[in-house]
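Protein chains in written order, with my numbering: chain A, 1 to 369; chain B, 1001 to 1369; chain C, 2001 to 2325; chain D, 3001 to 3325.
Glycine residues also receive a C-beta, built at the ideal position from the N, C-alpha and C atoms.
One structure is given here, and the rest of the page talks about it.
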Amino acid sequence: MIQNDLPAIFRDYNPLEDKMFSLIDNDGHVINQKYMPTLDDDTVINAYKQMHYERIADEMAISFQRQGRMYTYTPNLGQEAIHIAAGMHIREQDWLVPAFREMGTLLAKGVTMKEMFLFYLGNEHGGSFKNANHTLPIAISIGTQLHHATGIGYSVKYQKKDEAVFTFIGDGGTSEGDFSEALNFAGVWQVPVVFTIQNNQYVISVPVKSQTKSVNLAVKSVAFGIPGIKVDGNDFFAMYLAYKTAAEYALSGKGPVLIEAFTYRLGAHTTSDDPTKYRKKEEETEWGLTDPLMRLRRYMEKKGIWNIDVEKLTEEYKQQINGQFLDAEQNKHYPHNEVFAYMYSEMPDDLKRQKSEYEQFLSWKENRR
Amino acid sequence: MIQNDLPAIFRDYNPLEDKMFSLIDNDGHVINQKYMPTLDDDTVINAYKQMHYERIADEMAISFQRQGRMYTYTPNLGQEAIHIAAGMHIREQDWLVPAFREMGTLLAKGVTMKEMFLFYLGNEHGGSFKNANHTLPIAISIGTQLHHATGIGYSVKYQKKDEAVFTFIGDGGTSEGDFSEALNFAGVWQVPVVFTIQNNQYVISVPVKSQTKSVNLAVKSVAFGIPGIKVDGNDFFAMYLAYKTAAEYALSGKGPVLIEAFTYRLGAHTTSDDPTKYRKKEEETEWGLTDPLMRLRRYMEKKGIWNIDVEKLTEEYKQQINGQFLDAEQNKHYPHNEVFAYMYSEMPDDLKRQKSEYEQFLSWKENRR
Amino acid sequence: MSVMTMVKAINNALDIKLKEDDAVVVYGEDVGVEGGVFRVTEGLQKKYGVERVFDSPLAESGIVGTALGMAVSGLRPIVELQFEGFTYPAFNQIASNVSRMQNRSRGKYTMPMVIRFPYGGGINALEHHSDSPEALYAHIPGLKVVIPSTPYDAKGLLISAIESNDPVVFMEPKRIYRAIKQEVPDEKYSLPLGKAKVIHDGSDVTVVAFGALIRECQKAIAMAEEAGISVELIDLRTIYPIDRETIRNSVRKTGRMVVVAEAHESFSVGSELIAITNEEAFLYLEAPPRRVMGFDTIVPLAQGEQYFIISPERIFYEIEKTFNF
Amino acid sequence: MSVMTMVKAINNALDIKLKEDDAVVVYGEDVGVEGGVFRVTEGLQKKYGVERVFDSPLAESGIVGTALGMAVSGLRPIVELQFEGFTYPAFNQIASNVSRMQNRSRGKYTMPMVIRFPYGGGINALEHHSDSPEALYAHIPGLKVVIPSTPYDAKGLLISAIESNDPVVFMEPKRIYRAIKQEVPDEKYSLPLGKAKVIHDGSDVTVVAFGALIRECQKAIAMAEEAGISVELIDLRTIYPIDRETIRNSVRKTGRMVVVAEAHESFSVGSELIAITNEEAFLYLEAPPRRVMGFDTIVPLAQGEQYFIISPERIFYEIEKTFNF
Ligand SMILES: Cc1ncc(C[n+]2csc(CCOP(=O)(O)OP(=O)(O)O)c2C)c(N)n1
Ligand SMILES: Cc1ncc(C[n+]2csc(CCOP(=O)(O)OP(=O)(O)O)c2C)c(N)n1
Ligand SMILES: [Mg+2]
Ligand SMILES: [Mg+2]
C-alpha cells in the first residue's frame, strides 16, 4: 500500500495505523526531533505574530458582530496553526481554493481584513478577493470547491506551470460526494493539489464520530490511491513540515496529497450558534490546553526566542484591524447596478430590461415622496 | 485496521494487501481447501443450471435485439457466477436493490424473463418486478441505488426485521459521489447491507484503471470503516462463500459489508456498443478462459458430479425463454392511460385536464380519417 | 389553541405525527440535539429518541436517497435540508428517483416522504441562503410542492404532506419563521394539498402570491384600497399541482392579475400563472397579467438585498399600473 | 461546403476550436477512445492527444466542477454529459458555482466553459434518456442555454458558445443527430447567442419551437397551409437569454401564438413565452397563446412514447384551434 517513493513522514505516520504526526507537546517540548524543521528565529516569531493577528482579528470580528455592526461571522479560533503554516507555503503563483474557515491563509495570500469585513457586512466586493492572486472566493456549498481545485490542478499541469493548488474542507465536508469524487479525479489525473481536511471535530452541532466510521479522516486517501497523513493541527511545526513536504511532493509532479489537520473548533460554528447546546464546557476547556498559540509560545519561551510584547502587539493589531473595520463599515456605496453588472460578461437585453423597469419604479417612488 | 471480530476471510484476504479470494482455478481445481464450502451435489448442479439459464437467456435477448425485435439490451455475459451466488443467499424477505447488470439475481428473486423482455420492449410493467418481493426496479442513474439500499437497511433495522439488503454497482459507479456517501451512511448507521461492486473492468469504453488510482476497489471500504473483500467474481464457490459470510455478518447486526467481485464483461456494454473500438480481441479471448460456467463445469467434471446434458438443457431453456419472449412481444396493450396513471397516488386535476385535452385531440384525429 | 410562530407550528405538526405514527422518522443535518439551525425540530429527539429523530452525516444526496429507501420499506421519513441552496446536491435523487419511483414501479411502491427546507430572502444572509427555487421543483413531474404563509397553514399543510403517499417538497419561508404569531389549534387538523385560498376579496385586480410575500401583499393592498383599487388576494399554498380553479374564478371576475414572488422571473411560477390565466380566462383579461418578481440575478448579499427584495410599495406600483392599463 | 449531420457539424466545430486554441480541452465519459456514445467527439483524441480530449471518471459533478477550475485558470473546457438525465448529479455545481462564479468574484474570474449534452425523446430509449430539461437550466441566472435545430446552426452556435466568456449549456436534440443532412461551410463561422430566427414567414399564427421539433412544425405548417392558414415559424435557438424582440414582432403581426416543445408544460419555456407575449403584445393578441407540450408525466418508455411525442398532426390541431378561436 505505502509506496516507496513517498516522503518519509507519510511512511512513518501511516494513517492506517491511526498515527498522528506531531512535533511539540502542549508544553512546547519537542517530542520528535527527527522531523523538527530548522527554522530561523525570525520565521518562528513571524509565524507566531501571524497566528496572533488572526486570533485578534477573529475576536474583534466576533465582537463587532455582537455589537450588531456585522452579520453572521465564522470564527477560526483554535485553527490558526493550520492556516498560518499553509500560508507560509503558498507562493504568489500558487492557488488557494478556500472553504470558509481559513482566514489566516487568505490573509497570507493578500486578502485584507477590510475585505473580510466587507464580506460579512454583506458586500460582494469583500468576497471577491480582487488583489489576492490565484485565490478563489469563499466556497459555501460544502465540498464543491475541491473539484475546482482539481480542475485548476489539471490546468496548471496541462500548461506546465510551476504552480501548486491548496484547498480546504471541514471534517463534515468529507461526507459529501464531491469530496470523494474530487480526490478520485485528482488521483487519476495526478494533479499538484494539496487537500487539507480541517478536522475540528464538529459539523455545526454534530461530532465527527457521527460523520463516518473510518478510523480517521486521513485514511480516506486510500480509497483514491493518494498519500494521506494525519497531522496535529494545533502543532505549528508539524503543520509546517506537513505543508513543506506536501508542497514539494505536489510540485515534483507526483500528484495530490491529503492532509488531515486534527484540531478543535474552540469557538462557535458561527456567531449564530450556541455550542453549549451540544457540548460540555469541560471539553472546551480541555481542548483549550492544546491551543496552538499557547503551544508555540511555550516552545519559543523554552528555546529562549520569545521576545514578543503581546500586549503591545495586541494593541497595535487592534488599532490596525479596527481601522480596517471602520473603513469597511463606512463603505455604504452599493448602487443597484451592482446587482446586475456581473451576471454575464455582457449584460443581456433581458437583464437590461429588468434593470430599466426597476429604475422606472425607483423614479416613481422618488416622485411620490 | 482489521477488526478482530471480522469473519476469517475478511482477515485473510485483506484488500489493503491487494489479495483476492479465490477457491477454484480456471481448470476447476480447488486451490484453497480451507474455505471451500461443502455443498451437496444438487445445490451445485442447480447453481450451474441457473448460470446456464442466465447465459442462454442473455444470448437469446441479444439475438432478439439483433433481429430488431427489441430495443437496446444490457448483456450479463461472464458475470453469472456473481448473480447466481448472490441469488442463492437472498431470501424471500431480503431486499434486492439492483443496478442494471444482475439479471440472474433478479430471476432468483422471482422476476420472469417475460418481464425482462417487456422492459426492453419498452413497457414499464416489465421493469416494475411486481411479483418479486422486496425488489426495486432497475436503477439507471448510476450510484443512486446505493442510498436506497442504505435507507432500506435503516428501515429494517429500525423495525427490527430479520431482513438483509443486497445491492449492486459497477466499477465505474464507484466514481460517483453517491457511492461514497451511501457506504459512509451505511457505516455510520451500521445497517445490514451487502454492497457488491461488479468490477467487470470496463465503464462502457473506459478501463477501470482510468476510474481510480486505488489499488483495488474493495479497499475503498477503508474510507467508510466497513469490512471489504475482493473476490474472484468468476469463481462460483468463492462468490458463494463470500455472500454466505456477508449475509451472516449483516444479519448478525454488525453492519454493512463491501464485496468487490472481480470479473470481466465478456460481451458489449449494451447491444448499441462495439467493444472492438476500445479493446483487443486477445484480451477478450484471454478472459474467456476464466468463464465462470466453464470453471464450474470443470470442477464438477473433476468431482464426478457432472451429469448435465447441456444440449438438451439448452433446448429446454430456449423453448421456455422463447415462449416468454413471444408472450412479451405479443403484449401490445399500452393504453394512453398508462402514461398518466402512476404519477401520483391520486391523479391531480391538472393531469386529468392534460389527459382529457389529449383525448380531445385523439377523437379529432379519429374523426378526421 | 396556542399562540404559535411558524417554527412552533411545524414543530407541533411533527410532534403530532411522531406521536401518532411509529413509521414517522425525522432526520437531517443538526436536527437532533441541536433541533435544527432554525430550531424547527427542537425537543423532538428528546421526546422520541435518537432512532426516530436524528442527525445525519453532511450529505444531502444521502439524506434524500436514504429517505426513498425508507419510504419503500414501510417508513414515512421527513427529512430536513438545511437551506434551499443546499438542496441541489440532492437534485439527482429528487428528479431521478423520488419523483419517479411510483411511476417506475407502476405503483408497487409509494413515496410517503416529505423534504422540508427553509427558503427565500430577506434575512441578510450569505450566498445560497436567500433563494426561491420553487419553479425548479414544480417543473419536475411526480412531486408536490407546498409553501405555507402562516403558522396555521404550515401545520395543516405539513400534516397533509406527511400523510400523503406522494413525495412532497415542503418549502418554509424562513423570513416569517418567527415574524408571525397566530392562534393555532393544539389538536391535529389538516388542509388539503392543491388548494389555493382567497384570503382577501376584491374586484379590480387579482394578486397571486404565497409564502413570506403574502404579508407584503397585504400591506400593498392597504395602499391600493386607499387609492380606491379593490384587490383580491390569493395565497397559492400549493405550487404543484396548482389550483387553476381558484385562479380562473378570480381572474374572470377581476380581469387583471399581478403575480408576486421572489424567485427569478424567467421560467417561474409567474410565467406559469400568466400561461394559466391565458388558458383559463383569456377573454376576461383587461390588462396584461404582470409579474412582480426577482430579477434574473443572484440574490445580492445584505447590502444589495434592498433592491432585490419586493417591497409593498413595488407591489402597489404594479397593481396600480395594471389597474390603470 | 460539406454535407454534414448535426453530429458531424458539432464534431467539426470542436475540431476547429481545438485546432485554433490550445486552451480548449474536451472531456467527459467515453469521449476519448470511443468518441462519445453518439460519436460526436470521434477522431478528436487521435488528432489532439489524450491531454486535450479525454475520458473522465464516471462522475458528472466532478466533470462540471473540474471544468470550473479549468475555466478560472486559463482553459476553455468543453464537457460532455452523456445524457440529459445524467446532468442532475452536476446540478449543484451548475446552479451553485458555474452560474455564479463571475458574479461571486465580481468579474475577477470569467467562465468560458460549455456543458454539452444530448436531450429529448423519440429514440425509444430507457428512462432518463428522453427528457427535455431546458427550463431547469434557463431558470438559473448566470447561464446561457442554447439549442440548435440544424447542422448549420449547431456549428455556428457551438463556436459562439465556446468563444463566450459566459458558461453555456448546449443542448443537442439527439433525435435529429443524424436525421438531417445539410451543406455546412467547412471554415469557421459563428451565429450570435440570444437571437431567434424566423425560418418561415407567415401572417396568421406564430409558432415558436426549437430543436428537434422544428421539423415537426414544418410538417404541421404544410398541413396548415393546405388548410389556408399562414404560419410564421420561429426557431428560438437560445432559450436564455430569450429573444423578446423576434417574438414581439411576430406576435404583434399575427396576434396568435402556439409554442411547441417536448418538455413538461408546467413551469416551462411555454409558460415563459406566453408570459412574454402578454408583456410584449397583449393588445395584439386575438387568441389565447397555446402550449403544445409534453404532459406533466415521466416520458414513457418506447411503447408509450407515441402518446407523449408531439406529432405534426397535434401541432396542426392546435394551430387550427388557435386560428379559429
Ligand atoms: C452543501 C451544504 N450543505 C449544508 C451546508 C450548511 N453548513 C454550513 S457549515 C456546515 C457544517 C460544516 O462542518 P465542517 O465541514 O466540519 O466544517 P466546519 O464548519 O467545522 O469548519 C453546514 C452543514 C452547506 N454550507 N453546504
Ligand atoms: C449518473 C449516470 N451517468 C451516466 C450514465 C450512462 N452510463 C450507463 S452505463 C455506464 C457505464 C457504467 O459502468 P460500470 O459502473 O462499470 O457498470 P457496467 O456497465 O460495467 O456494468 C454509463 C456511463 C448513467 N446511466 N448514469
Ligand atoms: Mg468541522
Ligand atoms: Mg464496469
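Is residue i near ligand 3, with its Cβ less than 7 Å from a heavy atom?
| i | result |
| --- | --- |
| GLY1151/B | no |
| ASP349/A | no |
| ARG265/A | yes |
Among the options, which residue has its Cα nearest to the Cα of residue i?
| i | options | result |
| --- | --- | --- |
| LEU2191/C | LEU2075/C, ALA2154/C, PRO2167/C and MET2223/C | ALA2154/C |
| LYS3128/D | PHE2316/C, VAL2198/C and MET2101/C | Per the sequence presented here, residue 3128/D reads as His, with Lys not at that position. That would be MET2101/C, whose Cα lies nearest to the Cα of HIS3128/D. |
| GLU1163/B | ALA1186/B, ALA1247/B and MET1070/B | ALA1247/B |
| ILE1963/C | GLU2245/C, THR2041/C and GLY2028/C | Outside the displayed range of chain C (2001 to 2325) lies residue 1963/C, so it cannot be described from this structure. |
| SER2266/C | GLU2279/C, PRO2241/C, HIS2139/C and ASP2296/C | ASP2296/C |
| LYS3047/D | GLU3020/D, VAL3072/D and VAL3064/D | GLU3020/D |
| ILE72/A | ALA2125/C, MET2001/C, VAL2259/C and SER2164/C | Sequence inspection shows Thr at residue 72/A; the Ile mentioned does not correspond to that position. For THR72/A, the nearest C-alpha among the options comes from ALA2125/C. |
| PRO1137/B | VAL1257/B, VAL1111/B and THR1276/B | VAL1111/B |
| LYS2195/C | VAL2145/C, ARG2175/C and ALA2220/C | VAL2145/C |
| PHE2325/C | ALA2067/C, MET2293/C, PRO2288/C and SER2002/C | PRO2288/C |
| LYS1277/B | ILE1204/B, MET1294/B and ASN1131/B | ILE1204/B |
When you measure from the CB of residue i to every non-hydrogen atom of ligand 2, does any distance come out below 7 Å?
| i | result |
| --- | --- |
| GLY3121/D | no |
| GLN3082/D | yes |
| ILE1140/B | yes |
| HIS1269/B | yes |
| ARG1101/B | yes |
Heavy atom of ligand 1 less than 7 Å from the Cβ of residue i, yes or no?
| i | result |
| --- | --- |
| PHE2086/C | yes |
| GLN354/A | no |
| HIS89/A | no |
Verify whether the separation of the beta carbon atoms of residue i and residue j is less than 8 Å.
| i | j | result |
| --- | --- | --- |
| THR74/A | THR270/A | yes |
| GLY3032/D | HIS147/A | no |
| GLN2093/C | VAL2064/C | yes |
| SER2130/C | PRO2089/C | no |
| MET103/A | GLU59/A | no |
| ILE321/A | ILE56/A | yes |
| GLY3085/D | GLU3262/D | no |
State yes or no: is the C-beta of residue i nearer than 7 Å to some heavy atom of ligand 4?
| i | result |
| --- | --- |
| GLY1172/B | yes |
| TYR1202/B | yes |
For residue i, is the beta carbon positioned less than 7 Å from some heavy atom of ligand 6?
| i | result |
| --- | --- |
| PRO2089/C | Ligands in the displayed structure: ligand 1, ligand 2, ligand 3 and ligand 4; ligand 6 is not one of them. |
When you compare the CB of residue i with every CB in chain E, is at least one pair closer than 8 Å?
| i | result |
| --- | --- |
| ARG3314/D | Although the question refers to chain E, the structure presented lacks it and instead comprises the protein chains A, B, C and D. |
Three CB pairs or more closer than 8 Å across the segment 2306-2323 of chain C and the segment 2205-2217 of chain C: Touching, yes, given that three or more Cβ pairs across the two stretches are closer than 8 Å.
Complete runs of the alpha helix (DSSP H) confined to the segment 31-118 of chain A [at least 4 residues]: 41-66, 80-87 and 103-108
Touching by the beta-carbon criterion (3+ pairs, under 8 Å), the segment 3235-3251 of chain D and the segment 3146-3165 of chain D: yes
Cβ contact check for the segment 212-220 of chain A and the segment 1182-1198 of chain B: 3 or more pairs under 8 Å: Three or more Cβ pairs drawn from the segment 212-220 of chain A and the segment 1182-1198 of chain B lie within less than 8 Å of each other, which places the two stretches in contact.
Ranges of the beta strand (DSSP E) found wholly within the segment 1165-1230 of chain B, counting only runs of at least 3: Every beta strand (DSSP E) of 3 residues or more that sits fully in the segment 1165-1230 of chain B is shown, in chain order, as 1165-1170 and 1193-1199.
Segment contact flag, the segment 1056-1067 of chain B with the segment 1081-1089 of chain B, C-beta cutoff 8 Å, min 3 pairs: no
At least three beta-carbon pairs within less than 8 Å, the segment 2100-2116 of chain C to the segment 3097-3115 of chain D: no
Three-pair Cβ contact test at 8 Å for the segment 175-185 of chain A versus the segment 229-248 of chain A: no
Contained beta strand (DSSP E) runs [length at least 3] in the segment 1255-1308 of chain B, N- to C-terminal order: The beta strand (DSSP E) runs lying completely inside the segment 1255-1308 of chain B and spanning 3 residues or more are 1257-1262, given in chain order.
4 or more residues per run - each alpha helix (DSSP H) lying fully within the segment 2041-2102 of chain C: 2044-2048 and 2060-2072
Segments of 4+ residues assigned as alpha helix (DSSP H) that fall wholly inside the segment 8-34 of chain A: For the segment 8-34 of chain A, whole alpha helix (DSSP H) runs of length 4 or above, ordered along the chain, are 8-12.
Validate contact between the segment 88-99 of chain A and the segment 128-143 of chain A using beta carbons, cut 8 Å, 3 pairs: yes
Runs of alpha helix (DSSP H) lying entirely within the segment 2132-2204 of chain C, each at least 4 residues, in chain order: 2134-2138 and 2151-2163
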